[in-house]
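Residue numbers for the sequence shown follow my numbering, beginning at -2 and rising by one. The beta-carbon is built from N, C-alpha and C at its ideal position, and this holds for glycine as well. In this text the structure is predicted, and so the values were computed from the model without any measurement. These notes are about the structure you will find just below.
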Amino acid sequence: DGSYSAEALVNKVNAELANSFGNLAQRTLSMIQKNMDGKLETFATNSDDKALLEKVQSACRETLPAEFEALNFSVGIEAWLKAVFACNAYVDEQAPWTLKKTDPPRMKAVLQVLFMAIRDLAIAIQPVIPEKAAAALDQLGIAKDRRTYADLADDGRMQALLDAGHVIEKPVPVFPRLELPEAEPA
-2 DGSYSAEALV
8 NKVNAELANS
18 FGNLAQRTLS
28 MIQKNMDGKL
38 ETFATNSDDK
48 ALLEKVQSAC
58 RETLPAEFEA
68 LNFSVGIEAW
78 LKAVFACNAY
88 VDEQAPWTLK
98 KTDPPRMKAV
108 LQVLFMAIRD
118 LAIAIQPVIP
128 EKAAAALDQL
138 GIAKDRRTYA
148 DLADDGRMQA
158 LLDAGHVIEK
168 PVPVFPRLEL
178 PEAEPA
């Protein structure tokens, strides 16, 4: 049993999709577009990058699919959200806006690590929000035939994009904030 209200639903969608995942995707793709002309490049990762990607991959490749298979949807979604929150913490810690001035190659690496994380997060959450996940994957430029859980296990995906000269178009927000309709005066 639980209680539901329009206000609670709007607050949850705004907090978890618009503010967390949506903002992460929008900020990352905008920075790739602005600072890298939308082009992905070969980059070197460090231990922070690898730790983030391992968290995201664990949630998207293992926990979420296993929990969904066991019909534990809330547990799977919670694992996904923890990965989203880890990405947002990584953005704050790495501060790519500062790296732009102090270490541009590192900024590019950070943005591309985030690109990889967002791609996996969008693929993993498709059963829950199929249209919005597809819109995010479209903006990432991920081919429709490369959006399955099996594709999450393909560690050569990023290299294939790099080899193809992958370019990201200017992004548009996929998860706009929801607003409750104004109550009419009595």
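- Task: Return helix, strand or coil for K52, following the three-state DSSP convention.
- Result: In the structure shown, K52 sits in a helix (DSSP, three-state: H, G or I).
- Does the separation of the CB atoms of L37 and I165 fall below 9 Å? Cβ atoms of L37 and I165: closer than 9 Å.
- Whose C-alpha, out of T99, Q91, L50, is nearest the C-alpha of K79? That would be L50, whose Cα lies nearest to the Cα of K79.
- Message: In chain order, what are the residue ranges of uninterrupted alpha helix (DSSP H) at least 4 long that sit wholly in the stretch 80 to 154?
- Response: Taken in chain order, the unbroken stretches of alpha helix (DSSP H) that lie wholly in the stretch 80 to 154 and span 4 residues or more are 93 to 99, 101 to 121, 127 to 137, 146 to 149.
- N-terminal and C-terminal residue of the alpha helix (DSSP H) that F65 is part of: Note, F65: alpha helix (DSSP H), 61 to 66.
- Task: Report all residues from its chain with a CB closer than 8 Å to the CB of Q136; omit the five preceding and five following residues, and keep chain order.
- Result: A22, L26, I165, E166, P168, V169, V171, listed in sequence order.
- Around the C-beta of D100, are 16 or more other C-beta atoms found within 10 angstroms, so that it is buried, or is it exposed? D100 counts as exposed, since fewer than 16 other beta carbons sit within 10 angstroms of its beta carbon.
- Query: CA-CA distance, I139 and R154?
  - Reply: Cα to Cα, the separation comes out at about 10 Å.
- Specify the secondary structure class of V169 as computed by DSSP and reduced to three states. Residue state, collapsed to three classes: coil.
- Per DSSP, V192 forms a beta bridge with which residues? With the chain covering -2 to 183 only, the question about residue 192 has no answer from this structure.
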